[in-house]
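Undergrad: Here you go, one structure.
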């Protein structure tokens, strides 16, 4: 095995000089493509999460094996980002916004109401697998606060007494 | 394909025809906020009615003009008329409005304003003086003579739209309409007439500062990056995580090409060939519209190889975030693009030298990139003539919370908080008293009434113990408890701290615990000193800006609202009536026995017969306040 850092090789490497102009552009472009492939770990996990609504252990092991990274690294990424979960999420995701604007307009009470109506705690899924209740920090709809996003649909000016209607509406709607 | 000036002009004339068509056009504001207010239903109703009108009449979507409090908005563009804007449109109203228009009449109900001319701020005045599009007012119906100019309303009069130049005017999914508003012309001028280093000088001279938080000089950042050899990257930070700020979402949903053009100009200046836009997962529509814009730009040859027939090539890709607030921090964001957990690193070596994959990298946010094409077209002197000494240009603020007119507001730097809150925002609803305005997201601070005449720019906000951040402004009225607000931000940051460094991770946990005690009536006066001491340590020793700015909400509320802390500690009382452990609800003898409160109580804590005084069972009561909100006789007392 040749080590570029060993003294003998270092001399040789240095004598090659700094690559200039178009040559360096090409080498860098190739490197960029290689780096991008390695970076696709998060995107792969996002696709698995979207398909299964969670990250099954077998899938994470497969990702690690195929991408040539340790399982620990996959697990590190999967636990870091809140988009991933290890328990299956419901068919509908209820995101109650707890951003500042929503909060000062009583979003905490809206979240409490969802908890009671759905009989789940924040982050949990209803027994029938229909809804997962999550609190999110700002979905960027501050002007119509308090806001709730169910799947990709946003509801504005939510009042406590409208919560049951929102749940009913999405329960009847087809899976998205 | 757009490969030459002639191609650009051809696309522009096509776009101009669809922005101001020679037939009737109905336009509905359909950014996320508009859609949440019912824009899709309005569009469906308009598409149904428009069939009856015929003659090529169309319904189109546009972005958000900033008047979120008036949505859904529907615009009528009829040849010979000024543009008419209707607010709070309900689907069932649409047929009536369109029928009247067909007969040359105007329904005045819901008519918010008219627009006689629209400025194209990007148009280069060196080439033409015609920077305004004037609607040919040939057959204006008499009933709209007295209708107010939309740009003369209290909300709009003090605004100056530069970053929001195309919002609510063009169809965000049409590249031709963007080109018609002098889009990609700045890129053309730069590629064909300027050296890369001249572009950096230009941005530097304009005095543009980063709109994402720190306010670092954009030109300076580019220059530092250029000094380092390597494969340079440009990145757009669209991980708009600050709660209360949503201008970046709105810009991406309303005018995505402006960001692409800005990045192209930056990439040319930095001789970069690859860029990324890091968009947070919570913004599906922004991602979708940006992707469409990127695809269109590739299809027209404005991204990819040999742009405008020059040797300049640039590729751009979207990276979807994973839901982590800390990824708005530059080093964490780059780690996330690399497929790693978004943990920040210490910045002994800056990202302009060693950023993405250890290569020199420039990261700017959406609003910053969006400003660049205007500078390229109008020149740095023009841009620098707007704003204050140290902060040039305009800034978009999201004015939200307890304020009448909530929406996106773009104003020149240096306007006072009072003008923003009372003139543009129309004051506080329900004649409540103003308490504070929170700026700068979780890292910012709360500014009290005594500082309302503060002239808003990067430096003045820092002096007041807050910061510009990305431009969220949350107005808080007397019903907001400042201790609770501080607890809210600390809880947010505690959840979002990546946990890598001790001061941030442990400091936030301890601060949260102390604040929880105070809001539950178990605080001591020495806790306040402890909070200040903890805050100081975190400021001095945290690894990244998330931790070092995290104590700001606590320190600024302690500075300006110490009395509220003391009320919680000494009197076990929450003056605003928010902290549930310190308040209780009671029904007074004003009660008429209407049973409304009992019907609405989610835990059946209210007992009483019809037409008799009701009573709240304090053991069952969860203090949700529904009884207080629904009572029509003011009989529920909160104390």
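Protein chains in written order, with my numbering: chain A, 1 to 176; chain B, 1 to 639.
Every residue, glycine too, gets a C-beta built ideally from N, C-alpha and C.
1. State the beta-bridge partners of residue 412 of chain B as determined by DSSP.
2. Distance cutoff 8 angstroms, beta carbons only. Does residue 675 of chain B sit that close to anything in chain A?
3. Using a Cβ-Cβ distance under 8 angstroms, would residue 55 of chain B count as near chain A?
4. Output, in sequence order along the chain, the residues in the region 261-284 of chain B whose CB is closer than 8 angstroms to any CB in chain A.
5. Ordered along the chain, which non-local residues of its own chain (more than five positions away) have a Cβ less than 8 angstroms from that of residue 100 of chain A?
6. Please classify residue 146 of chain B: is it buried, with 16 or more other beta-carbons within 10 angstroms of its beta-carbon, or exposed?
7. State buried or exposed for residue 60 of chain B, treating a residue as buried only when at least 16 other CB atoms are found within 10 Å of its CB.
8. Is residue 339 of chain B closer than 8 angstroms to residue 327 of chain B when the C-beta atoms are compared?
9. For the region 318-351 of chain B, list every residue whose C-beta sits within 9 angstroms of some C-beta in chain A, in sequence order.
10. Taking 8 angstroms as the threshold (C-beta atoms), are residue 56 of chain A and residue 107 of chain A in contact?
11. For residue 249 of chain B, go through chain D and note every residue whose CB falls closer than 7 angstroms to its CB, in chain order.
12. Cβ closer than 7 angstroms: which chain B residues qualify as neighbours of residue 76 of chain A?
13. How do the region 248-256 of chain B and the region 479-486 of chain B stand: do at least 3 beta-carbon pairs fall below 8 angstroms, yes or no?
14. Which chain A residues sit within Cβ distance under 9 angstroms of residue 222 of chain B?
15. What separation, rounded to the nearest whole angstrom, lies between the Cα atoms of residue 402 of chain B and residue 87 of chain B?
16. Quick check: the Cα distance between residue 367 of chain B and residue 542 of chain B, rounded to an integer number of angstroms?
17. Is the region 61-70 of chain B touching the region 161-170 of chain B, taking contact as three or more C-beta pairs under 8 angstroms?
18. So, helix, strand or coil for residue 521 of chain B, using DSSP?
19. Suppose you measure from the CA of residue 15 of chain B to the CA of residue 176 of chain B; what does that come to, to the nearest Å?
20. Could you list which residues in chain B have their beta carbon closer than 7 angstroms to that of residue 116 of chain A, in chain order?
21. Quick one: which chain A residues come within Cβ less than 8 angstroms of residue 476 of chain B?
22. Specify, as a first and last residue, the run of the alpha helix (DSSP H) that residue 478 of chain B falls within.
23. Exposed or buried, residue 469 of chain B, counting other C-beta atoms within 10 Å across all chains shown (16 or more means buried)?
24. Just to confirm before moving on: does the CB-CB distance between residue 363 of chain B and residue 316 of chain B stay below 8 angstroms?
25. Taking just the CA atoms, how far does residue 376 of chain B sit from residue 13 of chain B?
26. Please confirm if residue 243 of chain B has its CB atom under 8 angstroms from at least one CB of chain A.
27. Using the beta-carbon count (16 or more within 10 Å), is residue 408 of chain B buried or exposed?
28. Around the Cβ of residue 28 of chain B, are there at least 16 other Cβ atoms within 10 angstroms (buried) or fewer (exposed)?
29. Taking residue 372 of chain B as part of the alpha helix (DSSP H), name the residues at either end of that continuous run.
30. For the candidate residues B/389, B/289, B/281 and B/77, whose alpha-carbon lies nearest to that of residue 206 of chain B?
31. Could one say the Cβ of residue 80 of chain A lies closer than 8 angstroms to chain B's Cβ atoms, at least one of them?
32. Output yes if chain B places a C-beta closer than 8 angstroms to the C-beta of residue 136 of chain A; else output no.
33. Between the C-alpha atoms of residue 522 of chain B and residue 31 of chain B, what's the straight-line distance to the nearest angstrom?
34. Hey, is the region 546-562 of chain B in contact with the region 601-617 of chain B, meaning 3+ C-beta pairs nearer than 8 angstroms?
35. Between residue 303 of chain B and residue 81 of chain A, what straight-line distance do the alpha-carbon atoms span, to the nearest angstrom?
36. Consult DSSP for residue 436 of chain B and reduce its assignment to one of helix, strand or coil.
TA: Answer, in terms of the structure:
1. Bridge partners of residue 412 of chain B: B/394.
2. Outside the shown range of chain B, which is 1 to 639, sits residue 675 of chain B, and nothing can be said about it.
3. Taking Cβ atoms only, chain A never reaches closer than 8 angstroms to residue 55 of chain B, which makes this a no.
4. Going along the region 261-284 of chain B in chain order, one finds 273, 274, 281, 282, 283 and 284 with a Cβ nearer than 8 angstroms to chain A.
5. The beta carbon of residue 100 of chain A sits closer than 8 angstroms to the beta carbons of 138 and 142 from its chain, once the five residues preceding and following it are set aside; these are given in chain order.
6. The residue is exposed, with fewer than 16 neighbouring Cβ atoms inside 10 Å.
7. When all chains shown are included, residue 60 of chain B counts as buried.
8. No. Outside cutoff.
9. Residues of the region 318-351 of chain B with a C-beta atom less than 9 angstroms from some C-beta of chain A are 319, 320, 321, 322, 323, 324, 325, 327, 336, 337, 338, 339, 340, 341, 342 and 343, listed in chain order.
10. Note that the C-beta distance between residue 107 of chain A and residue 56 of chain A is not below 8 angstroms.
11. Annotation note: the requested chain D is absent from the structure, which comprises protein chains A and B.
12. Within chain B, the residues whose beta carbon sits less than 7 angstroms from that of residue 76 of chain A are 341, listed in sequence order.
13. The answer is no - the region 479-486 of chain B does not touch the region 248-256 of chain B, with fewer than three Cβ pairs under 8 angstroms.
14. Neighbours of residue 222 of chain B on chain A: none; closest Cβ ~19 angstroms, over 9 angstroms.
15. Each residue's Cα considered, the two are about 20 angstroms apart.
16. Straight-line Cα distance between these residues: approximately 28 angstroms.
17. Three or more beta-carbon pairs separated by less than 8 angstroms link the region 61-70 of chain B to the region 161-170 of chain B, which places the two stretches in contact.
18. When secondary structure is reduced to three states using DSSP, residue 521 of chain B falls in the coil class, being assigned neither helix nor strand.
19. Between residue 15 of chain B and residue 176 of chain B, the C-alpha separation is close to 4 angstroms.
20. One finds 602 in chain B with Cβ atoms closer than 7 angstroms to the Cβ of residue 116 of chain A, taken in chain order.
21. In chain order: 104.
22. Premise fails: residue 478 of chain B is in no alpha helix (DSSP H) and is neither H nor E.
23. The residue is buried, with at least 16 neighbouring Cβ atoms inside 10 Å.
24. No, the Cβ-Cβ distance between residue 363 of chain B and residue 316 of chain B is not below 8 angstroms.
25. Residue 13 of chain B and residue 376 of chain B: Cα-Cα distance of roughly 21 angstroms.
26. Yes, because at least one Cβ of chain A sits closer than 8 angstroms to the Cβ of residue 243 of chain B.
27. Residue 408 of chain B sits buried, since 16 or more C-beta atoms from the chains shown fall within 10 Å of its C-beta.
28. By the Cβ neighbour-count rule, residue 28 of chain B is buried, with 16 or more other Cβ atoms within 10 Å of its own.
29. Segment 366-378, the alpha helix (DSSP H) holding residue 372 of chain B.
30. For the residues B/389, B/289, B/281 and B/77, the minimum Cα distance to residue 206 of chain B belongs to B/389.
31. Taking Cβ atoms only, chain B reaches closer than 8 angstroms to residue 80 of chain A, which makes this a yes.
32. Using beta-carbon distances, residue 136 of chain A counts as an interface residue toward chain B, with a partner under 8 angstroms.
33. Annotation: residue 522 of chain B to residue 31 of chain B spans about 45 angstroms, alpha carbon to alpha carbon.
34. Segments in contact, no.
35. If I take the Cα positions, the gap works out to 31 angstroms.
36. Note: residue 436 of chain B maps to strand in three-state DSSP.
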